[in-house]
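Shown next, in structure tokens, is the structure this report addresses.
There are 2 protein chains.
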Amino acid sequence: MQIGELAAASGVSAKMIRHYESIGLLPRPARRDSGYRDYGPADLHRVKFVRRAKDLGFSVEQMRELLRLWADRSRTSAEVKSLALAHVADLEHRAEALAEVAGALRTLAEACHGDDRPDCPIIHELERR
Amino acid sequence: MQIGELAAASGVSAKMIRHYESIGLLPRPARRDSGYRDYGPADLHRVKFVRRAKDLGFSVEQMRELLRLWADRSRTSAEVKSLALAHVADLEHRAEALAEVAGALRTLAEACHGDDRPDCPIIHELERR
DNA sequence: CTGCACCTTCCCATCATGGGAAGGTCAAGC
DNA sequence: GCTTGACCTTCCCATGATGGGAAGGTGCAG
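Protein chains in written order, with our numbering: chain A, 18 to 146; chain B, 18 to 146.
So, in structure tokens, the structure goes:
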């Protein structure tokens, strides 16, 4: 299968597949005489794995580690769980930070009458001395 | 005041102050004979405004708009409120997306016994065919 | 006069992603 | 066989916000 098909089947763009290859996240595939990359089912399996990890918000470095853990038959589930939980904590922290900022700004905006007058508590807060 | 002092007083790094100047978010300040940037109290006021907007999660382009609204005495509070609420919606959306992903991964991780055995539902989910 | 803290500009890096150019390959249709 | 269009290749550049660091100038205190 060539890269376009792999991209369509995996949900990862051809651009990103090449990129992942260049940083060593994906192995260099066989090439046809034309130079075209030639992938097999195992490649699709791996790229799908990467896509699901990406959808769960893992960074490239974390994906690298997950792939390593995936390949390592002797690793314990505790290792995987620990990586996942650390990532969950990070995600939750970021979500909370965003929600906090959103809440603060919403409070400010709600105090703004939002009419034709220029006076506005949002601007007022921003320009506080 | 020179840039280091402005940075310390505003909480925005000197690096970023120069950057904001280069993209036109901050005006080009006066220069001393030495070439050093020379700032006054009005500059500090403006940089603080920018920092508060940044802390509220506004992007550079949104800050540009906020600065315009700040300077425009004839703009209505409705204009400001509308920009703020659009941003709040965006922040809330991103926070929710992160929280959702975190929740999904937490559920997976909680299903993992996390012991010495290799079997792991997290990996299992990632490698789903 | 030396040393140190500060300043200047310029280039490069991050992270994940895409755009686009210049050029090669392949299969289908005439 | 030749054209056309879809696909592929590599390479460079861009994003947004931020920082690192180099090479060199300035200013002040000892």
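Note that the Cβ used here is the ideal one computed from N, Cα and C, for glycine as well.
Compare the C-beta of residue i against all C-beta atoms of chain A and say whether one is closer than 8 angstroms.
i: K98/B; result: yes
i: S94/B; result: yes
Hey, does residue i have any beta-carbon neighbour from chain B nearer than 8 angstroms?
i: R90/A; result: yes
i: V29/A; result: no
i: E38/A; result: no
i: V105/A; result: yes
i: G131/A; result: yes
i: V118/A; result: yes
i: P135/A; result: yes
When DSSP labels each residue in this structure, what does residue i get in the three-state scheme?
i: R146/A; result: coil
i: A128/A; result: coil
i: D50/A; result: coil
i: D55/B; result: strand
i: V29/B; result: coil
i: D133/A; result: coil
i: L43/A; result: coil
Measuring only the C-alpha atoms, how far is residue i from residue j?
i: L100/B; j: D50/B; result: 41 angstroms
i: F66/A; j: E144/B; result: 5 angstroms
i: A70/B; j: A116/B; result: 24 angstroms
i: V64/B; j: I34/B; result: 8 angstroms
i: G41/B; j: Y56/A; result: 48 angstroms
i: R111/B; j: H104/B; result: 11 angstroms
i: E113/A; j: L108/B; result: 11 angstroms
i: D89/A; j: G52/A; result: 32 angstroms
Quick check on the DSSP output: the alpha helix (DSSP H) that includes residue i runs from which residue to which?
i: R81/A; result: 77–88
Considering only the beta carbon of each residue, do residue i and residue j sit closer than 8 angstroms?
i: D132/A; j: A95/B; result: yes
i: R68/B; j: G21/B; result: no
i: R92/B; j: P135/A; result: yes
i: K98/B; j: I139/A; result: yes
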